[in-house]
Amino acid sequence: MIDKFVRSMAEAMNGIRDGSTVLIAGFGDVGAPNALLDGLIEQGATDLTLVVNSAGRVHKPGDPTTGVARLVELGRVRKVITSFIRATSIAGEAVRDGRMTAEVVPQGTLAERIRAAGAGVPAFFTPTGAGTLIAEGKEAREYNGRPCILELALPGDVALVDAWMADRWGNLVFRDSSRNFNPIMAMAGQLTIVQTHHICDLGQLSANEIVTPGIFVDRVLHVAAGDPQLPR
Amino acid sequence: MIDKFVRSMAEAMNGIRDGSTVLIAGFGDVGAPNALLDGLIEQGATDLTLVVNSAGRVHKPGDPTTGVARLVELGRVRKVITSFIRATSIAGEAVRDGRMTAEVVPQGTLAERIRAAGAGVPAFFTPTGAGTLIAEGKEAREYNGRPCILELALPGDVALVDAWMADRWGNLVFRDSSRNFNPIMAMAGQLTIVQTHHICDLGQLSANEIVTPGIFVDRVLHVAAGDPQLPR
Amino acid sequence: MNDTASGHKPLGRSGMAARAARDIPEGWYVNLGIGVPTLIANHIPPEREVVLHSENGILGMGPAPEPHKENPWLVNASTQRVSLRTGASFVHHADSFAIVRGGHLDLCVLGGFQVAENGDLANWAQSATEAGRQIGGAMDLAVGAKRVWVTMEHTTKDGRARILRRCTYPLTAAACVSRVYTSLAVLDVTPKGFVVIDIIPGLSFEELQARTEAELHRE
Amino acid sequence: MNDTASGHKPLGRSGMAARAARDIPEGWYVNLGIGVPTLIANHIPPEREVVLHSENGILGMGPAPEPHKENPWLVNASTQRVSLRTGASFVHHADSFAIVRGGHLDLCVLGGFQVAENGDLANWAQSATEAGRQIGGAMDLAVGAKRVWVTMEHTTKDGRARILRRCTYPLTAAACVSRVYTSLAVLDVTPKGFVVIDIIPGLSFEELQARTEAELHRE
Chain A
77 MIDKFVRSMA EAMNGIRDGS TVLIAGFGDV GAPNALLDGL IEQGATDLTL
127 VVNSAGRVHK PGDPTTGVAR LVELGRVRKV ITSFIRATSI AGEAVRDGRM
177 TAEVVPQGTL AERIRAAGAG VPAFFTPTGA GTLIAEGKEA REYNGRPCIL
227 ELALPGDVAL VDAWMADRWG NLVFRDSSRN FNPIMAMAGQ LTIVQTHHIC
277 DLGQLSANEI VTPGIFVDRV LHVAAGDPQL PR
Chain B
77 MIDKFVRSMA EAMNGIRDGS TVLIAGFGDV GAPNALLDGL IEQGATDLTL
127 VVNSAGRVHK PGDPTTGVAR LVELGRVRKV ITSFIRATSI AGEAVRDGRM
177 TAEVVPQGTL AERIRAAGAG VPAFFTPTGA GTLIAEGKEA REYNGRPCIL
227 ELALPGDVAL VDAWMADRWG NLVFRDSSRN FNPIMAMAGQ LTIVQTHHIC
277 DLGQLSANEI VTPGIFVDRV LHVAAGDPQL PR
Chain C
259 MNDTASGHKP LGRSGMAARA ARDIPEGWYV NLGIGVPTLI ANHIPPEREV
309 VLHSENGILG MGPAPEPHKE NPWLVNASTQ RVSLRTGASF VHHADSFAIV
359 RGGHLDLCVL GGFQVAENGD LANWAQSATE AGRQIGGAMD LAVGAKRVWV
409 TMEHTTKDGR ARILRRCTYP LTAAACVSRV YTSLAVLDVT PKGFVVIDII
459 PGLSFEELQA RTEAELHRE
Chain D
259 MNDTASGHKP LGRSGMAARA ARDIPEGWYV NLGIGVPTLI ANHIPPEREV
309 VLHSENGILG MGPAPEPHKE NPWLVNASTQ RVSLRTGASF VHHADSFAIV
359 RGGHLDLCVL GGFQVAENGD LANWAQSATE AGRQIGGAMD LAVGAKRVWV
409 TMEHTTKDGR ARILRRCTYP LTAAACVSRV YTSLAVLDVT PKGFVVIDII
459 PGLSFEELQA RTEAELHRE
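Protein chains in written order, with the working numbering: chain A, 77 to 308; chain B, 77 to 308; chain C, 259 to 477; chain D, 259 to 477.
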């Protein structure tokens with residue numbers, strides 16, 4: 077019997093190695109695998125490359141540091157690949173101080189590179205970023221009269237995903253706008269680990285409504301994660 | 077009020093020009109826009125390039141010729157781009173006799189090229205077809221130690237799509253395996269025309285279940301098309 | 259906001275948003291960027307069906323929810339809670355940007371730092387060496403939408419021009435802007451440069467030109 | 259099917275399918291090609307959870323439906339009506355081939371015309387100039403799946419070898435096959451060439467070699 081449910085965070089995090097590239101889903105707090113990020117902080121892997129839409133929110137002094145910012149603060153992150161990093165964030169400060177590097181990528185290019193990794197496309201051309209700083213060092217070519225640049229697939233050794241409901245095959249559905257990066261990061265992770273708010277029997281999710289088929293999922297952990305929080 | 081429903085086949089087919097590239101969805105008879113193909117035959121556009129998964133089924137003498145085979149028989153097709161064409165089909169014979177050309181493409185490359193057109197990716201590398209006849213004349217390059225070839229996006233001037241249910245915004249859902257090429261051809265068509273088996277009020281399809289959002293759809297025609305037929 | 263020298267009253271954020279909203283017809287698919295563009299949604303009458311897209315995978319966004327109807331799972335590209343219109347749908351992030359990059363949006367409206375007379379846009383950094391980099395989806399939107407409009411103050415707070423012959427900040431995308439809604443005017447980007455199609459009351463063409471580095475043309 | 263000279267009985271289509279089915283463990287995601295591979299599904303016990311993929315966007319295909327439960331909207335890659343297993347799901351064609359090309363399938367089993375000792379596969383045409391071209395999804399599957407097995411008759415009907423040093427027909431993909439299930443044997447493709455891991459009863463290694471152009475190795 078196929079059973080992708082794991083019973084503990086330790087089991088969920090088992091085997092994540094130093095030097096891994098970790099894809100972290102979510103847009104703001106919505107669809108973010110916060111429980112799994114706590115688990116990764118606890119698990120200890122270091123020298124990580126994190127791929128995450130937004131790497132640096134403003135950090136209010138006195139607030140606890142969590143998630144990506146906490147990993148950065150602990151010196152566990154070698155590099156972030158992101159579409160958005162604030163100079164005044166913990167991540168932004170780490171970049172400024174040379175403790176970490178950042179590759180800043182247009183959000184659509186980020187999504188397409190991740191999807192490409194999941195779909196077996198090693199590289200593609202896009203007009204996004206042509207003629208800008210983003211194009212530096214990249215192969216350029218014109219298609220249909222428009223300048224384009226070559227972008228590479230962005231696979232993860234690990235993908236951390238947040239689902240609304242999952243079954244034991246790892247079939248997933250997402251709630252409203254929490255879908256965002258979750259389905260494509262699930263596709264692109266060599267080891268895809270899911271936190272799910274709810275679990276259900278096999279067959280309870282209809283074949284037409286499943287958004288991420290279990291083939292993209294390796295482990296599923298049931299967590300009581302609560303509603304996403306607004307940024308303070 | 078946005079209303080993409082058209083009331084007649086003539087309205088659905090209005091403006092399709094000679095020389096158009098027409099994307100035709102479906103896998104076998106399932107999800108095939110047969111009513112719209114009848115409409116296209118009637119409408120009269122010629123010198124067409126057809127993009128369709130399978131261009132040539134065996135034709136049994138005495139059976140009426142329909143769809144792609146009929147367009148070919150009428151001399152209206154300049155070229156087919158397809159993953160599958162039988163030598164003994166009407167399309168295969170037209171190619172053999174030099175009345176039409178065929179570009180035969182691996183099915184996954186066909187799907188990816190169509191999706192790329194819809195997603196604004198003008199070209200991408202893929203290992204599929206490297207080292208085979210498919211690679212002839214194509215740029216080759218290695219990624220991760222694997223030979224790859226460059227494939228181009230495949231947009232349509234027109235896409236013909238078969239949906240199970242549609243609303244007036246053009247939001248679509250598909251029934252079971254009739255989904256196949258429909259969502260990606262809807263994305264890739266400059267003018268996307270949908271035949272739908274059922275119509276519903278706006279809001280009846282939930283935001284989470286809609287497979288093709290109306291942004292990809294231009295016209296929707298309600299047809300009583302019946303169940304797909306098995307090949308004879 | 260009163261410019262007492264010439265007696266005109268520049269548009270505020272809401273005024274720019276309202277002016278741009280007037281020009282968005284029913285049936286368009288539109289992405290509204292962060293800042294003033296987001297405010298445009300408040301000025302589109304609910305009965306005019308304009309389908310708003312959000313980068314995080316929403317088509318058919320509605321206005322801010324009533325307080326007791328907030329859905330924490332439903333936020334816009336600024337991670338503010340929003341509502342859905344009847345007919346809305348969700349897609350994942352790659353499909354959301356397939357909508358953007360595949361040329362399916364009729365319009366996106368972006369904030370801007372600078373716009374040049376050839377349509378170049380700079381809206382994400384003031385120098386190439388900034389520590390923070392906040393690109394988000396702007397480069398994709400600027401390249402992908404059928405039309406790109408920009409809303410911004412006509413000049414910087416200290417009076418420097420933002421409507422330029424050439425951008426001095428790093429580009430978001432080249433030759434992408436078709437129209438600019440500023441606090442003082444509406445300008446079309448044309449092959450001959452900026453054409454003025456609207457000026458706020460009390461400001462003359464010459465006074466507008468004086469606040470603009472690029473050469474302005476009459477309609 | 260009796261080969262009276264040596265007293266062995268070659269496997270028929272069903273026999274080859276059954277032999278391959280034995281080696282597919284629970285939990286694998288598997289695509290079964292047209293022809294003999296399709297028959298493999300009939301030989302996987304229902305209690306063994308193997309998730310079958312079909313190119314037209316199905317994960318979790320079940321066996322042929324009972325006559326009164328046919329669903330005309332549900333066909334496999336050969337456009338035969340099928341059923342769904344509990345847990346099945348549908349995706350569109352690009353996502354279906356993302357599954358194939360992205361390396362997510364544990365296995366695909368294809369029919370073959372020829373397999374070479376370096377793993378080259380020819381299964382779609384017998385010459386470069388054939389009028390018909392029936393590639394379908396074979397090139398994608400051969401390149402994309404983690405493992406590629408081939409089921410085929412060990413020789414052609416007129417006795418010519420199909421297990422070769424080099425393929426003479428146009429390739430489907432280079433160096434892709436890891437195992438071949440023929441009517442006479444099971445062969446692994448290894449860096450030193452074909453290794454025989456199973457022979458049907460009554461046939462010796464030497465007799466198998468006599469029906470094979472490529473050099474065979476003992477395990």
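Heads up, the beta-carbon is just placed ideally off N, CA and C, and yes, glycines get one too.
At which residues does the beta strand (DSSP E) containing residue i begin and terminate?
i: B:A235; result: G232 to A242
i: B:L228; result: R222 to L228
i: D:H475; result: L474 to R476
Would a check of beta-carbon distances place residue i closer than 8 Å to chain F?
i: B:I286; result: Chain labels in this structure do not include chain F; the protein chains are A, B, C and D.
So, is residue i buried or exposed, given that buried needs 16 or more other C-beta atoms within 10 angstroms?
i: A:N247; result: buried
i: B:Q280; result: exposed
i: A:S282; result: exposed
i: B:S96; result: buried
i: C:S272; result: exposed
i: B:S84; result: exposed
i: C:P295; result: buried
i: B:A88; result: buried
i: A:T158; result: buried
i: A:G138; result: exposed
i: D:E375; result: buried
i: D:K450; result: exposed
i: B:K80; result: buried
i: B:M176; result: buried
i: A:S253; result: buried
i: D:N260; result: Any reading at D:N260 needs caution, since the residue's pLDDT is 44, under 50, leaving its predicted position unreliable; the model's value is listed next. It counts as exposed.
Taking only beta-carbon positions, decide if residue i is within less than 8 Å of chain B.
i: C:T430; result: no
i: A:T268; result: no
i: C:N260; result: Note that C:N260 scores 44 on pLDDT, short of 50, meaning its location in the model is unreliable and no value can be drawn from it.
i: A:T202; result: yes
i: C:F348; result: yes
i: C:E328; result: no
Answer yes or no: does any C-beta atom of chain D fall closer than 8 Å to that of residue i?
i: A:W245; result: yes
i: B:G104; result: yes
i: B:S159; result: yes
i: B:G205; result: yes
i: B:I260; result: yes
i: A:M77; result: yes
Does any C-beta atom of chain A lie closer than 8 Å to the C-beta of residue i?
i: C:L269; result: no
i: C:L442; result: no
i: B:F257; result: no
i: B:K224; result: The question names Lys, but residue 224 of chain B is Cys in the sequence shown. So, interface residue.
i: C:Q392; result: yes
i: C:A296; result: Checking the sequence, you will find Thr at residue 296 of chain C rather than Ala. So no, C:T296 is outside the interface.
At a Cβ threshold of 8 Å, is residue i touching chain C?
i: A:L209; result: yes
i: B:M176; result: no
i: B:F292; result: yes
The alpha helix (DSSP H) with residue i in it runs from where to where?
i: C:V401; result: A396 to G402
i: B:T202; result: Careful: B:T202 lies outside any alpha helix (DSSP H), inside the beta strand (DSSP E) at A199 to T202.
Problem set entry | Those runs of the alpha helix (DSSP H) which lie wholly inside the region 441 to 469 of chain C and span at least 4 residues | 463 to 468
Exercise. Pairing CB atoms from the region 354 to 371 of chain C with CB atoms from the region 275 to 295 of chain C, are three or more of them under 8 Å?
Worked result: yes
For this session: For the region 116 to 190 of chain B, list the alpha helix (DSSP H) runs that are entirely contained and at least 4 residues long, ordered along the chain.
Result: 143 to 149 and 166 to 172
Exercise. Taking the runs of the beta strand (DSSP E) that are 3 residues or longer, which of them lie wholly in the region 299 to 339 of chain C?
Worked result: 309 to 312 and 316 to 320
Problem set entry | Runs of alpha helix (DSSP H) lying entirely within the region 265 to 302 of chain B, each at least 4 residues, in chain order | none
Exercise. Counting pairs of beta carbons, one from the region 218 to 237 of chain A and one from the region 259 to 266 of chain A, are three or more of them closer than 8 Å?
Worked result: yes
For this session: Give a yes or no on contact between the region 120 to 134 of chain A and the region 288 to 298 of chain A, applying the rule of three or more CB pairs nearer than 8 Å.
Result: no
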